[in-house]
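As structure tokens, the structure follows; a few thoughts come after it.
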Amino acid sequence: MFFSANPYSIQGKVALVTGALGAIGQATSLKLASLGASLVLVDIRPEGESEKLCEQINQLDGVSAIYVNADVRKSADIERMFAEGARRFFQINILVNIAGIALYKGYFTNEDKETIDAGLDINLRAPMELTRLFVKELKSYGREGVVINLTSFAGVVPREHFEVYGTTKAALIYFTKACQYLAPQIRVAAVAPFFVNSPMVSKSATAKKSSFVNRHTMLSAADVAQAVVNQIENRSSAGKTVMLIGGSTSLPLWLYEPATIYIILLIYICWAVGLLKSFLTFGKSTKTLTA
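Just so you know, we're using the working numbering here: the sequence shown kicks off at 87 and counts up by one.
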């Protein structure tokens, strides 16, 4: 990943974080606050569960936090979280879409329609709608802003039992790339972690059985939080997704990059030419043997 020489400053900014009370949401919120950002913390959990996190942030110098109890599936709630954030802080500069759910019943044929709909609504439609309203607001006032979408390695590498979840995350990677045209005023980027040591993974029987899961190489919530910060600060991150694989190892995902398409096409042409040469050589050797 190439970093710009003039990083985007988080100091003095206001960030709205969805899924803020989950493991990754809390780690990300605390990291942003430590770098000087005030927070609009959004989650569906009762307000009482937000008190500890709000207190931790409010004790830091120069920053503060408010909590908005909201359901990202509801348009009215999405509008309300932005309104409450603007009322308290005047403006929002950074949007971090972390809220998401995993599906636990193995093959998607075991899931009911309501569960699949919830996965599509929370993992895909909600971040798209949040981004749409946020971008619309920024454009109307001519302000800069950053959007970070939390996707997943499951959106890059298709696996059984992750059919619906992986599909939502793959679509979010595509959406992120498609929003590249909004730069430089507005940057939309993403982070795609491997399995994270969090309650969402520990509750998943599918994840426990997966040969992909190695407890020794699982990411921590802090690893993901740092990657989110890196993407926010990197002015060249527009449209890009960074994959996190084991510990703090990160790799840029070149999916949808024009250069990648040319490389794949070149490999295919070389393969086809090689196959043709092999066929012709085989034909000549057959004629020689016949003669």
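Glycine residues also receive a C-beta, built at the ideal position from the N, C-alpha and C atoms.
(request) Pick helix, strand or coil for S124, following the three-state DSSP scheme. (result) Numbered from its first residue, the sequence shown carries residue 124 at position 38. In the three-state DSSP reduction, S124 falls in the strand class (E or B).
(message) Please report the straight-line C-alpha distance between Q271 and G325, rounded to a whole angstrom.
(response) The count along the sequence shown starts at 1 and reaches residue 271 at position 185. The count along the sequence shown starts at 1 and reaches residue 325 at position 239. Rounded to the nearest whole angstrom, the C-alpha separation of Q271 and G325 is 13 Å.
(message) Looking at the secondary structure, which residues open and close the beta strand (DSSP E) in which M329 lies?
(response) On the sequence shown, position 243 is the one that residue 329 refers to. Here the beta strand (DSSP E) through M329 covers T327 to L330.
(request) Using 10 angstroms around the beta-carbon of W315, count the other beta-carbons present and answer buried if the total reaches 16, otherwise exposed. (result) Here residue 315 refers to the residue found at position 229 when the sequence shown is read from its first residue. According to the sequence as given, residue 315 is Val; it is not Trp. With 16 or more neighbouring CB atoms inside 10 Å of its own CB, V315 falls in the buried class.
(message) For a test of your reading of the model: does the CB of L219 fall under 6 Å from any non-hydrogen atom of the ligand FAD? Yes or no.
(response) The model depicted lacks the ligand FAD and carries no ligand whatsoever.
(message) With a threshold of 6 Å on Cβ separation, who are the neighbours of A156 within its own chain once the five nearest residues in sequence on each side are excluded?
(response) Locating residue 156 in the sequence shown gives position 70, where the first residue counts as 1. These residues qualify, in order along the chain: V128, D163 and M167.
(request) Please classify V158: does DSSP put it in a helix, a strand, or coil? (result) Here the question's residue 158 lines up with position 72 in the sequence shown. Note: V158 maps to coil in three-state DSSP.
(message) For a quick check, are the C-beta atoms of G231 and I259 less than 7 Å apart?
(response) Locating residue 231 in the sequence shown gives position 145, where the first residue counts as 1. Locating residue 259 in the sequence shown gives position 173, where the first residue counts as 1. No.
(message) DSSP three-state label for L224, please.
(response) To locate residue 224, count along the sequence shown from 1; it is residue 138. Here DSSP, grouped into helix, strand and coil, assigns L224 to helix.
(request) Can you grab the Cα-Cα spacing for the pair S334 / S115, in whole Å? (result) Mapped onto the sequence shown, residue 334 falls at position 248. Mapped onto the sequence shown, residue 115 falls at position 29. Note on S334: pLDDT 49, under 50, position unreliable in the model; no value is reported.
(request) Go to G231, then tell me how far its alpha helix (DSSP H) extends in each direction, as first and last residue. (result) For the purposes of this step, residue 231 is taken as the residue at position 145 of the sequence shown. In the DSSP assignment, G231 falls outside any alpha helix (DSSP H) and within the unbroken beta strand (DSSP E) covering G231 to L236.
(request) Kindly indicate which residue of T254, S306, I355 and Q317 has the alpha-carbon position closest to the one of G108. (result) In the sequence shown, counting from the first residue as 1, residue 108 sits at position 22. With respect to the C-alpha of G108, the residue from T254, S306, I355 and Q317 having the closest C-alpha is S306.
(message) Starting from I272, trace the beta strand (DSSP E) in both directions and tell me its first and last residue.
(response) The residue you call residue 272 lines up with position 186 of the sequence shown. For I272, the enclosing beta strand (DSSP E) covers residues I272 to P279.
(message) Can you find the residues in the same chain that come closer than 7 Å, C-beta to C-beta, to D207, ignoring five residues on each side of it along the sequence?
(response) Translated into positions along the sequence shown, residue 207 becomes position 121. Excluding positions up to five away in sequence, the list reads R159.
(request) State the CB to CB distance for the pair V182 and A101, rounded to an integer number of angstroms; the pair is presumed to be in contact (CB under 8 Å). (result) On the sequence shown, residue 182 is found 96 positions in, with the first residue counted as 1. On the sequence shown, residue 101 is found 15 positions in, with the first residue counted as 1. A101 and V182 do touch by the CB rule: their CB atoms are close to 6 Å apart, below 8 Å.
(request) Indicate the three-state DSSP secondary structure (helix, strand or coil) for N196 in the structure shown. (result) As a working note, residue 196 is residue 110 in the sequence shown. In the three-state DSSP reduction, N196 falls in the helix class (H, G or I).
(request) In the DSSP assignment, find the unbroken beta strand (DSSP E) run with V103 in it and report its ends. (result) For the purposes of this step, residue 103 is taken as the residue at position 17 of the sequence shown. Start and end: V100 to T104.
(request) Might you give, ordered along the chain, the residues of its own chain that have their beta carbon closer than 8 Å to the beta carbon of I202, omitting 5 neighbours on each side? (result) The residue you call residue 202 lines up with position 116 of the sequence shown. Closer than 8 Å at Cβ, skipping near neighbours: L189, F194 and V250.
(request) Select from V359, V233, H247 and M304 the residue whose C-alpha is nearest the C-alpha of T327. (result) Position 241 of the sequence shown, counting from 1, holds the residue named residue 327. With distances taken between CA atoms, T327 lies nearest to V233 out of V359, V233, H247 and M304.
(message) Once DSSP output is grouped into helix, strand and coil, what is the label at I143?
(response) If you number the sequence shown from 1, residue 143 lands on position 57. Helix at I143.
(request) Tell me whether L113 is buried or exposed, calling it buried when 16 or more other Cβ atoms sit within 10 Å of its Cβ. (result) Translated into the one-based positions of the sequence shown, residue 113 becomes position 27. Reading off the sequence, residue 113 comes out as Ala, not Leu. Buried, by the Cβ-count rule.
(message) Can you find the residues in the same chain that come closer than 7 Å, C-beta to C-beta, to G148, ignoring five residues on each side of it along the sequence?
(response) One-based indexing of the sequence shown puts residue 148 at position 62. Cβ within range, chain order: G122.
(request) Put V243 into one of helix, strand or coil per three-state DSSP. (result) The residue labelled residue 243 in the question sits at position 157 within the sequence shown. V243 falls in the coil class under three-state DSSP.
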